[in-house]
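Take a look at the structure below.
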Amino acid sequence: MRLETTLSENQESFVSIASVTQPMTFIARTTDVEPGCALQVNLGGRPPLALVRLDNEFFVINDTCTHGEASLSDGEIVNGDIECPFHSGCFDIRTGAVTAFPCAKALTVYPVKVEDDQVFAALDAGTCADTPV
Ligand code: FES
């Protein structure tokens, strides 16, 4: 199942992640996405994101496949991976790493904070498994 939302105004707050204060952007409410599903989130001014829920853990990743223009929130979620609906390439939802051909470039994943029923992400602190730290 796929849910889609368009958010016109971002709520921002500042929280501490690993002792570093980063701006956190409101992504969606926890109840906006069912367990085992992804929600496409359009914040405006940037490529779409996908909010993915695995049980009660939430992840924010880039929604556009690195192999083509597919929306990953249209894909299946299986064993912690998200499968692209176009050519069945897969990514690890937790790290963004490629787990199945034909994808060759990892996704960017963002630090997430859940407060009450709201999911926030540090959109300035995304990491890509392909980029050396
Ligand atoms: Fe995603 Fe080809 S567009 S695997």
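In the working numbering, each residue carries its 1-based index in the sequence shown increased by 60.
Every residue, glycine too, gets a C-beta built ideally from N, C-alpha and C.
Query, Result
"Using DSSP bridges, identify the partner residues of F151.", "I142, V158"
"What number of angstroms, rounded off, separates the C-alpha of H147 from the C-alpha of T168?", "19 Å"
"Less than 8 Å between the CB atoms is what I'm expecting for F118 and L109, so what's the real figure, rounded?", "Going by Cβ atoms, the distance from F118 to L109 rounds to 12 Å, so no, they are not a contact pair."
"Using a Cβ distance threshold of 8 Å, determine whether the segment 100-108 contacts the segment 135-144, with at least three qualifying pairs required.", "no"
"Per DSSP, what are the beta-bridge partners of T124 in this structure?", "S131"
"Kindly indicate which three-state DSSP category T91 falls into: helix, strand or coil?", "helix"
"Distance check for T81 and P171, CA to CA, integer angstroms please.", "12 Å"
"Tell me, which residues are paired with C188 by DSSP?", "T168"
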